[in-house]
Each structure stands twice: as C-alpha cells, then as structure tokens.
Amino acid sequence: MEIAVAGGTGIVGRHVVRIAKERGHQVRSLSRREGVDLVKAEGVGSALKGVGTVIDVSGLRSMHTKKSVDFFMATTESLQQYGKAAGVQHHVVLSIVGVDKAPAGLYAGKQAQEEAVRHGDLPWTILRATQFHEFVEQVLDRASLGPTVLVPRFKTQPIAAAEVAEALVDAAEAGPQGFLPDLGGPRPERLRDMVDKYLRKSGKKRLVLEVSAPGVLWKAMRSGALLPAAGAAVGRQSFDEWLESRES
Numbered sequence: 035m036e037i038a039v040a041g042g043t044g045i046v047g048r049h050v051v052r053i054a055k056e057r058g059h060q061v062r063s064l065s066r067r068e069g070v071d072l073v074k075a076e077g078v079g080s081a082l083k084g085v086g087t088v089i090d091v092s093g094l095r096s097m098h099t100k101k102s103v104d105f106f107m108a109t110t111e112s113l114q115q116y117g118k119a120a121g122v123q124h125h126v127v128l129s130i131v132g133v134d135k136a137p138a139g140l141y142a143g144k145q146a147q148e149e150a151v152r153h154g155d156l157p158w159t160i161l162r163a164t165q166f167h168e169f170v171e172q173v174l175d176r177a178s179l180g181p182t183v184l185v186p187r188f189k190t191q192p193i194a195a196a197e198v199a200e201a202l203v204d205a206a207e208a209g210p211q212g213f214l215p216d217l218g219g220p221r222p223e224r225l226r227d228m229v230d231k232y233l234r235k236s237g238k239k240r241l242v243l244e245v246s247a248p249g250v251l252w253k254a255m256r257s258g259a260l261l262p263a264a265g266a267a268v269g270r271q272s273f274d275e276w277l278e279s280r281e282s
C-alpha cells in the first residue's frame, strides 16, 4: 500500500512511518522539512500522486482556539482537495479523546477537523486517543518559569505514542471505518504526579505547582471528562514503564 503520513516527523508520525515501512508499505512523509506545507498547500499535490491512503497526524503547538481551528481546517482542506484529485481512497485522522466535551483551544481545532473529514469527499477513519507519555516533556518545555513548573490540574490516561501509531497503521490496513473506539493508556494518571516522577527520574529539581483556571477546557481537564469512556481500547505500556525504559 502507498501511504502518505502528514506530520511524519512528529512524535506519533515518526512511529507511523517506521511501523508502516516495517509492514512492507511504501511510505511518504509530508512535512515542511520535506518540502510539503499543508497550511499553504505547497507541494501537496505532487506528494499525494499515487497514494492510496493518507494518515494525518499533523499538529501545532498552540492552545489558541482560532489558531488551532485555522490550522486544522487549512491542513484538512489541502489533504481533501489534493487527495481527491490524486485518487486517495482513505483518509485516516488522529484526534483527541474528549474533543466534543471541551470545544476550546487545541480541542476546538480537532473538533473542526473531525467535522471537515466527516463531511469531506474521502472515505474516512477517525481515531481519538488520549495524551501520550511524551506529553509530560511538552509540559516541562512550555510551562517552566525558571525553577518553577506550572502544571494544569489534569486527569488523563496516557498512552505510548508508538501504540497509537500502531493503531493508526492497523486502521489504514483495514480500510474506512468511521469512528473507531477511543484509545487510552492502561490506567489514569494525575499530570502533576507524572511530572514529579519524570523530574525524579531525570534528577532535576523543580518546584511543581498545580494550577487551574476558568473555562470549559480547564473544567474538562480537572473533572476527568477527557478520560476515555467505558468500552475504549486500552494500550499496554504504562507511564511508569515508559519512564523506566528511558535513559536518565
């Protein structure tokens, strides 16, 4: 199968590329690094020639609602428009568990993306997954103020990025299925605890402060509304196991 991976150099994307190649598929990675700009629709048409399936794991680093919606609408329009012209038969999209319960920030963008894919011209599959184990590194990178880390009060059920990638390649091979069951990790975690464990493992000393704020997204994070529902698919590797597998 000829597969194009939008966001193929990202946290999940690089695993998707690796797993798909290991299974014998012909894989093209679409990213600005590789001369494809999905937002500006540059290089998309030529990159999708001969492709049968697109796996979209593209993303952005922003919690701004308008930026998020604009980004995902632009990238989806590019993939749909040029995908249809190229004869793409299946559009697989990675979304986030709970986008329908917290229509703000990144979640608003992913919800807009889901709607665009559902009502687009390409047969589709959407997989909603929880945060990845690597999310803790993103929090430390973005929310550190000197020796202090501001951690959202967040109940999550983190999963290994590689396991999400495996599920996406499975979906590509199975053909269009609409919405798949949500995918989460083996057990719920408190983000504050994840950050504390990561810092201890890495030997770093930081003051960790748990914070919250008004708004629908913050409420969903602290209430557990973003945890997968009963009947969701469950990953294998726990956060503790992922942490132990990393070098200090």
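Numbering (my numbering), first residue to last: 35 to 282. A virtual CB, placed ideally from N, CA and C, is assigned to each residue, including glycine. Since we're looking at a predicted model, the values are computed, not measured.
- Between residue 146 and residue 251, the CB-CB gap reaches or exceeds 8 angstroms.
- CA-to-CA, the gap between residue 132 and residue 245 works out to about 20 angstroms.
- By alpha-carbon distance to residue 179, the top candidate from 241, 77 and 53 is 241.
- Annotation note: the stretch 67 to 110 contains the following uninterrupted beta strand (DSSP E) runs of length 3 or greater, listed N- to C-terminal: 87 to 90.
- Residue 62 sits in a strand when the DSSP states are folded into three classes.
- Selection 203, 218, 135 and 56 evaluated against residue 126 yields 203 as nearest (Cα-Cα).
- When the five nearest sequence neighbours on each side are left out, the beta carbons in the same chain lying within less than 7 angstroms of the beta carbon of residue 168 are those of 45 and 195, in order along the chain.
- For residue 87 against residue 201, the beta-carbon gap comes to about 14 angstroms, at or over 8 angstroms, which does not count as contact.
- For residue 106, the closest C-alpha among the options 140, 161, 175 and 225 is that of 140.
- In chain order, 189, 190, 191, 258 and 261 place their CB closer than 8 angstroms to the CB of residue 222, counting only its own chain and leaving out the 5 sequence neighbours on each side.
- DSSP, read as helix, strand or coil, puts residue 224 in strand.
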